[in-house]
Amino acid sequence: MKFAGINLATPKIMGVINVSPESFFKGSVKQKEEDLIETALKMVEEGASFIDIGAKSTAPYLETQISVEEETKRAVWALKTLRAHINIPISIDTTNARVAEAAIKAGADIINDVTGFKGDPRMVEVAKEYGVPVILCAHREVKDFTDPVHEVITALQESLQIAHENGIEKDKIAIDPAIGFLRPKWPPWYEWDSKIIANLNLLKIFGLPILVGISRKSFIGAITGRRDPMERLAGSLGATAIAVWNGANIIRTHDVKETLDAIKIAHFIKRFRE
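The sequence shown finishes on residue 303 if you use the numbering used here, and the numbering steps up by one all the way, no holes.
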């Protein structure tokens, strides 16, 4: 299995860099050119196979009302800066087709759409026009709060149908179960996310690469009692190992070196499961 030309025979890492000061984890935010380049080069050196750029926070619990123009400006600056220094695939994390198109023109290789083609109706058109791989996140109004896995599968089925109807080839798609995005009051969101990770193997029915974003998210803090994202690395690594054990192909993380070790251990030990 491959995604964006990267062989996924072993789980790979997508390093996260944000150029959005409103992002929940301030340690991921880079707003100076030298910091941006240094961070990306370090991630590549430590083993990242992809880099993901966020120019606007998509965390559902944050107020992130910035203009499309501002998001575009940030994204284009980051892509043009990095494209001259790294040669691994770069994704643009956005829900806006104008931003995605500008980012692609500036050097982005992948669209990472947390609305799964259900937000901006032009997003699927941009993906098709430029022929870039896409990451489709489970996104929908929750119908059954008692069955997180079925809700995620249904949401992904809907997104994949949109992709199919618009001629997006299957080998250009990865799926994301939306850890941290579907936030019901009951069951508590940290139980919801935990159920998804525990049953991640059920998403293998799609026959597509599974990308999981776990790094330092609030469900880690809720379980461990660590309110500060800076203190959630150990919890993130524990959840990462479980996700890999259950079939994750790509782990999206702020901490490449440490996460790669967790992935290697989980993947190695899994080989001996009877």
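Beta carbons: idealized from backbone N, C-alpha and C, even for Gly.
- Exposed is the label assigned to Pro217, since fewer than 16 other Cβ atoms lie within 10 Å of its Cβ.
- For Arg103, the enclosing alpha helix (DSSP H) stretches over residues 97 to 112.
- If only uninterrupted beta strand (DSSP E) runs of at least 3 residues are considered, those enclosed by the segment 59 to 88 are 79 to 83.
- Distance check between Asp142 and each of Ala135, Lys134, Val155, Asp122 places Asp122 closest, using alpha-carbon atoms only.
- Contact annotation: Phe146 and Val155 have beta-carbon atoms that are not nearer than 8 Å.
- A residue is called buried when at least 16 other Cβ atoms come within 10 angstroms of its Cβ; Asp205 meets this threshold and is buried.
- Fully contained in the segment 157 to 215 are the following beta strand (DSSP E) runs of length 3 or more, in chain order: 163 to 166, 202 to 205.
- At the C-beta level, Ala263 and Ala295 stay beyond 8 Å of one another.
- Two segments are said to touch when three or more pairs of C-beta atoms, one from each, lie closer than 8 Å; by this definition the segment 42 to 49 touches the segment 59 to 68.
- The three-state secondary structure of Asp149, taken from DSSP, is coil.
- Contact annotation: Phe235 and Leu185 have beta-carbon atoms nearer than 8 Å.
- Taking all protein chains in view, the Cβ of His114 is surrounded by fewer than 16 other Cβ atoms within 10 Å, so the residue is classified as exposed.
- Scanning its chain for C-beta atoms nearer than 8 Å, with the 5 sequence neighbours on each side dropped, one finds around Lys299 the residues Val273, Trp274, in chain order.
- DSSP, reduced to helix, strand and coil, places Phe235 within a helical segment of the structure shown.
- Per DSSP, the continuous alpha helix (DSSP H) segment holding Ile294 begins and ends at 285 to 299.
- Here Asn230 is exposed, its C-beta having fewer than 16 other C-beta atoms within 10 Å.
- In terms of Cβ geometry, Phe79 and Ile117 form a close pair [threshold 8 Å].
- Under the three-state reduction of DSSP output, Met43 falls in the strand class.
- In the three-state scheme derived from DSSP, where H, G and I count as helix and E and B as strand, Ser247 is classed as helix.
- Within the same chain, and ignoring the five residues on either side of Asn195 in sequence, the residues whose Cβ sits closer than 6 Å to its Cβ are Val153, Lys157.
- In the structure shown, the three-state DSSP call for Asp257 is coil.
- If you check the CB distance, Leu240 and Ala207 do not come in under 8 Å.
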